[in-house]
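Notes for the one structure printed next.
Protein chains in written order, with our numbering: chain A, 118 to 294; chain B, 13 to 90.
Take a look at the structure:
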């Protein structure tokens, strides 16, 4: 059978941007497609032992963020707030602690909706034999050591290795996140 | 009501994309060819995703039953 390869490039290190590459990768691998994720720039935080637990979502600069409360926090007051504000007012984003609060609320919402968390999705990727490749250059740039990153990764690699991995497949596909 | 007797049941109720598909993949691996896996899910997205999984992997989707907010799939391992 012709080889089919899906290569995903994860460049962002916010909570919301950690999901798409991991969901696509674990699913593609489950469908029998050879899959790799190349973590570069802030995307490295997704596979950083410590930082993967501290991924955040910022209200500032994100006008699309809805004013959504976790199901357990929905009551007359929060429903009234949600109906008045389409999202957190941008100015609130500069208040110290607001990013942490929003991240906490988002994580709570994710949990209550039965959506997997990031460590769980990484485990699913590893189980499905997704190749998780850290970018050598960015690791040096940020001062991340290989042992700072989670176990079960491929050796750090550069652009040429990654492009070669993709292009040697009969049916290659790249997704940039 | 379904008349199929499954060899194994996977309860993926309350789980959302992509977990029902990932768990289905894992569960069906443990079966013999021709055996039937029952997958119970509450994720509306699974309605399209489980058939897509079957289409791609070659397992046969025997039947889909919707009852009381649950979507139940019967998959025959290829």
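Idealized CB from N, CA, C, for every residue including glycine.
Setting aside the 5 residues that flank it on each side, residue 238 (chain A) is surrounded in the same chain by 139, 140, 143, each with a C-beta closer than 7 Å to its C-beta; the list follows chain order. Exclusion of the five residues before and after residue 21 (chain B) leaves 50 as the residues of its chain whose Cβ lies within less than 6 Å of its Cβ.
If you look at residue 283 (chain A), you'll find it in the alpha helix (DSSP H) that goes 276–284. Remark: C-beta atoms of residue 175 (chain A) and residue 294 (chain A) do not approach each other more closely than 8 Å. Runs of the alpha helix (DSSP H) lying entirely within the stretch 145–202 of chain A and spanning at least 4 residues, in chain order: 193–201. If you check each beta-carbon in the stretch 59–82 of chain B against every beta-carbon of chain A, the ones closer than 7 Å belong to 65, 68, 69. The Cβ of residue 26 (chain B) sits closer than 8 Å to at least one Cβ of chain A.
DSSP, read as helix, strand or coil, puts residue 29 (chain B) in coil. Each residue's CA atom was taken as its position, placing residue 162 (chain A) and residue 232 (chain A) some 20 Å apart. Following the DSSP letters along the chain, one finds residue 228 (chain A) inside the alpha helix (DSSP H) bounded by residues 215–229. Residue ranges of uninterrupted beta strand (DSSP E) with 3 or more members, entirely inside the stretch 14–68 of chain B and ordered along the chain, are 20–24, 48–53. For a Cβ distance threshold of 7 Å, residue set 26, 27, 28 of chain B lies close to residue 231 (chain A), ordered along the chain. Under the DSSP assignment, residue 74 (chain B) falls in the beta strand (DSSP E) whose first and last residues are 72–79. For residue 119 (chain A), there is no enclosing beta strand (DSSP E), as DSSP gives it neither H nor E.
Selection A:244, A:184, A:180, A:133 evaluated against residue 146 (chain A) yields A:244 as nearest (Cα-Cα). At a cut-off of 8 Å between C-beta atoms, residue 88 (chain B) does not count as an interface residue with respect to chain A. In this structure, A:153 is the residue among A:153, A:265, A:203, A:228 with its C-alpha nearest to the C-alpha of residue 278 (chain A).
About 5 Å separates the beta carbon of residue 125 (chain A) from that of residue 292 (chain A), a gap short enough to meet the 8 Å contact definition. For residue 243 (chain A), the enclosing alpha helix (DSSP H) starts and ends at 235–244. Residue 125 (chain A) has A:154, A:292 as its beta-bridge partners, per DSSP. A direct Cα-to-Cα measurement between residue 272 (chain A) and residue 260 (chain A) gives close to 16 Å. In this structure residue 220 (chain A) is buried. Its beta-carbon is surrounded by 16 or more other beta-carbon atoms within 10 angstroms. Residue 256 (chain A) counts as buried, since at least 16 other C-beta atoms from the protein chains shown sit within 10 angstroms of its C-beta. The continuous beta strand (DSSP E) containing residue 249 (chain A) extends over residues 248–251. Your pair residue 275 (chain A) and residue 254 (chain A) checks out as a contact, with CB atoms roughly 6 Å apart and the cut at 8 Å.
DSSP places residue 270 (chain A) in the coil class of the three-state scheme, outside both helix and strand.
Nearest C-alpha to residue 148 (chain A) among A:168, A:173, A:166, A:122: A:122.
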